[in-house]
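Chains as they are written, first to last, in the working numbering: chain A, 1 to 541; chain B, 542 to 940. Even glycine gets a Cβ: it sits at the ideal position worked out from N, Cα and C.
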Amino acid sequence: MTGTVSPPKAPAPLPSGSRLPDIPGPLETLRIAWRRLRRMATALQLLFALAAASVVATVIPQEPVTAQSVEQWRSGVTGPGAGVARVLDELGLFDVFGSWWFAALTVGLVVSLTGCLLPRWRAFVRVARRPPAAGRNLERLSASTVLSCPLEPEQALRAAERVLGRRRFRRRRVGSQVAAERGHWREGGSLVFHTAFYLLLLGAVIGKVFGFAGSISLAEGGAFADTRIAYDAAQPGREFDLGDHRGFVARLDDFDVSYFPDFTPRDFRSTVTISEDGQRVRTADIRVNHPLRYRGMTLYQIGFGMAPHVVVRAGDQVLLDERVLLAPGGGSNLWAGTAKVKVRDPDSQIALDLALATDARLGDDGQPVLGPDPRPRNPVLVSSLYFGDLGLERPVPAADFDRGDGPVETAMLRPGKTAKLAQGSLTVEFRDLGYWSGLQVTHAPGRSILLAGAALLLVGLIPSLYSYRRRIWVEATPDGAGSRVTVAGVALQRKATFTDEFDAVVSALRDAVGSRPPPRPEAGSQPYSQPEPAPSPERSP
Amino acid sequence: MPNESLAQLSNTLFSVALITYIAAMVGYFFRLGFTRFTSQGVVAGTAAGRRVGLLATGVAVAGWLVHLASVTTRGVAAGRVPWANMYEYSSILALGAVAVGLVVVQRRLGYGHLVGFVLAAAVLSMTSGLLLFTEAGPVVPALNSYWIKIHTSAMMTASSVVIVGFVATALSLVKDTAERRVAARSGESYVGSTVGAAQVGAAAPAGAAPDDRTEGRPDGYEADAGVDIGAGDGEWASPLAQREALSPVLFPLVPAVAVTVFVLAVWRAPGAAIVAGSVAALLGTAAWYAVPFLPPAAKLDNLAYRTIAFGFPIWTFAIMAGAIWAEEAWGRYWGWDPKETGSFFTWVLYASYLHARSTHGWRGRRAAWVAVVAFVALLVTYYVVNLWIVGLHSYAGDI
Ligand code: HEM
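Right, here's the structure in full:
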């Protein structure tokens, strides 16, 4: 359609004697650019560029998805080397979908789409409103057949209207003809399909600007309030302000994980109580694929780990009394983490490296033997004590402290047990074992717009691919006592399918008007090999 | 709960189906071979060819039933839908492709000659499944959602359909090359590519509707009644000339090298690479041999368009279902994870193909090449992204 837009006309010749080069003026340039954008070939090139961008994003690690791999590429540990990585960084190839050139590409597509759609919509509305036109030279159309009918012309035409109406053709009486057409949804569907992209874009932008995503890890019994500072990590949209947080409090009452007999996880379940202003509002389970939606915020289950309750004392002074969150430490039965016990006074800082095995029986020699069971049936906590200038005050993750010469002492603890470390000056108690749960809290406005866009996209796509435009004319002229009925038709697409449909219409009409079957249906089933004569079917530009 | 003996039965049935498909494929290629030319330039199946063809169809249907049983028992054994890992995907893709081949290509459209190639694609897919074998087992909780069932089943349906589309595209390019060369040799003035002739061919008047590309079912083209060689309106050039116009060396060589490199790159298994490469070489030879018997390029091109146009909305829906599921499981509907990016990329390329078919200067062979690239993108998304590239889909560590 846009492929048929005539090429831009050459600018008018300049007056003779002028030495100015043949440069179009600004207005003319704009017009040429607009015409170019409207061309199908431009859309195709933009689509190829989009595809190329996503190849790049599949092959090169992307910062928002796999930040670690990107770091490794940058430092040259993996990938093509640090030099190449610098160039990639310059080009924004580590974040293709956040890069300026991808934004430019999107703008190009939107502009092209608009340039394409506006004229198409205009033409579609015009064409769809226009009633079916009368046909000329019906007998010369390749799908054409003549019936002789015992009814009067008026009755024959009424029968034709009924037959075509049953097949959901739009009909109009023009003189001695019924003109009928069908299949506007081909173009209409295509327009709906392409227009739906604006909704998708709008929904995505709304989600990005007004949305929020934050993650938080809670030990059993722990709680957090929905405020910006409570989150371990937060990605607020530009227009999601501090005041937009709901302020409710969510408490993790319980976390539970169940396994299949081969120890692959079956389900994770966080039981969470939500309260507002000290009042309990709701208690619900959050499971994978079953988030909790509350006041426009959605809480998802995204991670979990073991959280031993550890108490460290120096004499009577309690230095640490909390559930320490342990991360996977290799395999589903090992967990590891770090507790900063005493940070002040750089010379006498204290830290614990904690390692937990969920399935550690004692062997015959008194040494623990690790089993594969991820359930904490037989846990043992190994805590290694570090003392001195550990650099704990630096703003780095707890696990990155300065381990120097290694641990001062190591103790192996069962739940409920206490060990004395450093000649009895410190005690470490492993009080009990619980879980922590990783939750993600998301505010995603624009979801319904996206969903509507997606639905329209599909609804438009199907007729744009499968439906087809066709017209059928039935003309009745008096012929003795009855009438002579000419049926003719033409299809713009799917001509072979139309041949079948036309035959079906003719035979239905024949039944309806009580016509004798002709000796041999010569026309009507001919293949569409030769060009069709008039009427020239109008096309959308 | 995984049920050992049922899982074992499923594996056995899988092997039986694979062997049956190979036998049926050979039968279909025999059927191609047992065709002969009549003086009007029409190929007709010889009696032997027809009998072998009928037998091959029966064997293929039987193999499909066995395959279906294998997939079903697998699901029962694992106590879940039987599409949760790449072995199972590969198996179901083959199941879908064979179904499309038998029902749509052979029964509805009457292109029985082509089913051998569809079976070959199914055999390759199942072989790759064997390389990715996984014991029947439960799935991680994130995959345990009805949205993923909808998402993956739609993805697999679309992929099976598009596999058939690819077979048709590849054959149409082959046939088109042959037709062009023969025309060039016989000194005829050749009016552009016959691929997409629905739009470009000399028959189309200057003012014909530009979106005429949906030329309907290949009328008058019957399975065994004989194949129009495409010389109907011109003088009759020997169909064997089409074969002679193509290189008998390049035809086995190119697919063999491509498949060997692919298998080596993805699995690094030299043994499997050699086997797969030999199968590809055989297929290339079969394609070369079959060239005169293939339907005209324009009809193959039309078949390709129709299958892809059928698969595209399903693919679109599958991506949407995946986004809805990702929203429920991970808290974001779209994160440009490599797998998501890959399927988006494939989708854009198939949309480009549909656009190219109605773009001046692109329809014809160039559009067909876009479809080939789109299919390669699908393979990359499916194998390379799944096996090589780390993303959310490699779920280890946390949930
Ligand atoms: C944003 C990405 C786009 C996608 C995914 C897309 C997808 C599609 C699809 C699937 C079709 C149906 C093809 C058919 O009927 O065979 C189509 C048709 C069409 N597209 Fe797009 N499109 C996109 C952008 C554009 C743009 C930017 C333009 C304008 C320049 C455009 C112009 C058209 C036209 C004119 C048709 C109708 C072709 C015809 O029916 O002959 N599309 N598009």
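Any C-beta of chain D under 9 Å from that of residue i
i	result
B:Tyr874	In the structure shown, chain D does not exist; the protein chains are A and B.
CA nearest to the CA of residue i, picked from the options
i	options	result
A:Phe193	A:Asn378, A:Leu465 and A:Ile302	A:Leu465
B:Ile704	B:Ala640, B:Arg873, B:Ala799 and B:Arg721	B:Ala640
A:Val513	A:Asp364, A:Ser483, A:Leu492 and A:Val490	A:Ser483
A:Met306	A:Val163, A:Arg377, A:Ala455 and A:Gly183	A:Arg377
A:Ala63	A:Arg74, A:Ala53 and A:Arg122	Note on residue identity: the sequence assigns Glu, not Ala, to residue 63 of chain A. Among A:Arg74, A:Ala53 and A:Arg122, the Cα nearest to that of A:Glu63 belongs to A:Arg74.
B:Val917	B:Arg572, B:Thr710 and B:Gly863	B:Thr710
A:Asp241	A:Phe212, A:Pro265 and A:Leu218	A:Phe212
B:Gly594	B:Gly642, B:Ala619 and B:Phe571	B:Phe571
A:Tyr198	A:Leu457, A:Glu409, A:Arg122 and A:Ile286	A:Leu457
Helix, strand or coil at residue i [DSSP, three-state]
i	result
B:Pro811	helix
A:Phe224	strand
B:Arg621	coil
A:Ser275	strand
A:Leu381	strand
B:Tyr924	helix
B:Trp875	coil
A:Asp267	strand
A:Val111	helix
A:Arg280	strand
A:Pro395	coil
A:Ser54	helix
A:Arg295	coil
A:Ala233	strand
A:Pro368	strand
A:Pro61	coil
B:Ala766	With a pLDDT of only 31 at B:Ala766, under the threshold of 50, the placement of this residue in the model should not be trusted; the figure read from the coordinates follows. Coil.
A:Gln45	helix
A:Gly214	strand
A:Thr66	coil
A:Ser144	strand
A:Arg251	strand
B:Gly651	coil
A:Pro374	coil
B:Leu665	helix
A:Tyr435	strand
A:Val461	Note on residue identity: the sequence assigns Leu, not Val, to residue 461 of chain A. The answer is helix: DSSP assigns A:Leu461 an H, G or I state.
A:Phe502	helix
A:Val324	coil
Beta-carbon spacing of residue i, residue j below 9 Å
i	j	result
A:Ala104	A:Ala133	no
A:Phe248	A:Thr271	no
A:Leu413	A:Lys420	no
A:Gly371	A:Leu390	no
B:Gly844	B:Ser694	One detail in the question is off: residue 844 of chain B reads as Leu in this sequence, not Gly. Not in contact: B:Leu844 and B:Ser694 (Cβ atoms no closer than 9 Å).
A:Val441	A:Ile216	yes
A:Pro415	A:Pro308	yes
A:Leu157	A:Val474	yes
B:Lys716	B:Val622	no
A:Gly91	A:Leu46	Sequence check: residue 91 of chain A is Leu here, not Gly. No; because the gap between Cβ atoms is not below 9 Å, this pair is not in contact.
A:Tyr435	A:Ala219	yes
B:Met697	B:Gly637	yes
Cβ distance (whole Å) where residue i is taken to contact residue j below 8 Å
i	j	result
B:Leu835	B:Pro796	Contact doesn't hold; Cβ gap of about 16 Å is too wide.
B:Ser631	B:Val612	About 11 Å separates the two Cβ atoms, so there is no contact after all.
B:Trp829	B:Arg898	Going by Cβ atoms, the distance from B:Trp829 to B:Arg898 rounds to 27 Å, so no, they are not a contact pair.
A:Val96	A:Val70	About 12 Å separates the two Cβ atoms, so there is no contact after all.
A:Ala339	A:Val382	About 13 Å separates the two Cβ atoms, so there is no contact after all.
Per the contact definition of three or more C-beta pairs closer than 8 Å, is the region 868-888 of chain B in contact with the region 297-310 of chain A? yes
Spell out a yes or no on whether the region 203-211 of chain A and the region 443-454 of chain A are touching, meaning 3 or more CB-CB pairs, one atom from each, closer than 8 Å. yes
Pair every Cβ in the region 181-197 of chain A with every Cβ in the region 460-474 of chain A, then say whether three or more of these pairs are closer than 8 Å. yes
Report yes or no: do the region 100-119 of chain A and the region 34-46 of chain A share at least 3 C-beta pairs separated by less than 8 Å? yes
For the 8 Å Cβ check, are there 3 or more pairs between the region 885-902 of chain B and the region 594-607 of chain B? no
Per the contact definition of three or more C-beta pairs closer than 8 Å, is the region 321-337 of chain A in contact with the region 347-364 of chain A? yes
Is the region 221-237 of chain A close to the region 487-502 of chain A, with three or more CB pairs under 8 Å? no
Any contact between the region 551-561 of chain B and the region 642-650 of chain B? By contact I mean 3 or more CB pairs, one from each, below 8 Å. no
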